[in-house]
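Note that the working numbering has the sequence shown beginning at 1, numbered continuously upward. Taking it in order: structure first as structure tokens, then the write-up.
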Amino acid sequence: MATDCIFCKIIKGESPATFVYKDDDMVVFHNTRPSAPVHVLIVPREHIESVNALEEKHSAIISKMMVRAKEIARLLGIRDSGYKLVINVGSGAGQVIFHLHIHLIGGWGSLDQPQSRI
Ligand SMILES: [Zn+2]
């Protein structure tokens, strides 16, 4: 738990977010600055700084996040049209919030060029 972490505050209900899914292990909410028609963040409740901070004990939650990603994509209607799952690791790769999260992005029309920049 990091008291100055915006994602921890969202998880605790101290900051607003538009949730699309919650369970005991993770929350999923819309990115406030979407870079695609659909752009949600899959965030573990445990404060894990980044992929670089992952330990063996985190294997179960990471696995659940991937399985849930597929279900959230279906929920948001982009499972079959295609989507990206992106994890930025470190500021040099564009990680802004240092609480591990998966970007689930999609919803482009079939003629649009998929956006790779998030
Ligand atoms: Zn956090």
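Glycine included, each C-beta is placed from N, C-alpha and C at the ideal position. The structure presented is a predicted model; accordingly, all values stated were derived computationally and were not measured.
Residue range of the beta strand (DSSP E) that includes residue i
i: V40; result: V38 to P44
i: I105; result: I102 to G106
i: L85; result: Y83 to V86
Continuous alpha helix (DSSP H) stretch holding residue i: start and end
i: K12; result: I6 to K12
i: I61; result: S59 to L75
Expected contact under 8 Å - CB spacing of residue i and residue j to nearest Å
i: I72; j: V40; result: 7 Å
i: Y21; j: R68; result: 7 Å
Residues near residue i in its chain [Cβ-Cβ closer than 6 Å; skip 5 each side]
i: E49; result: F98
i: P37; result: G107
i: A17; result: I10 and F29
i: N31; result: H39 and L41
Check: residue i C-beta below 7 Å from any heavy atom of ligand 1
i: F7; result: yes
i: H47; result: yes
i: H101; result: no
Residues of its chain near residue i, where Cβ-Cβ distance is below 7 Å and the 5 sequence neighbours each way are ignored
i: S15; result: I6 and K9
i: V51; result: I87, V89 and L100
i: Q95; result: S50, N88 and V89
Beta carbon proximity, residue i to chain B, threshold 8 Å
i: P16; result: Structure shown: chain B not included; a single protein chain is present.
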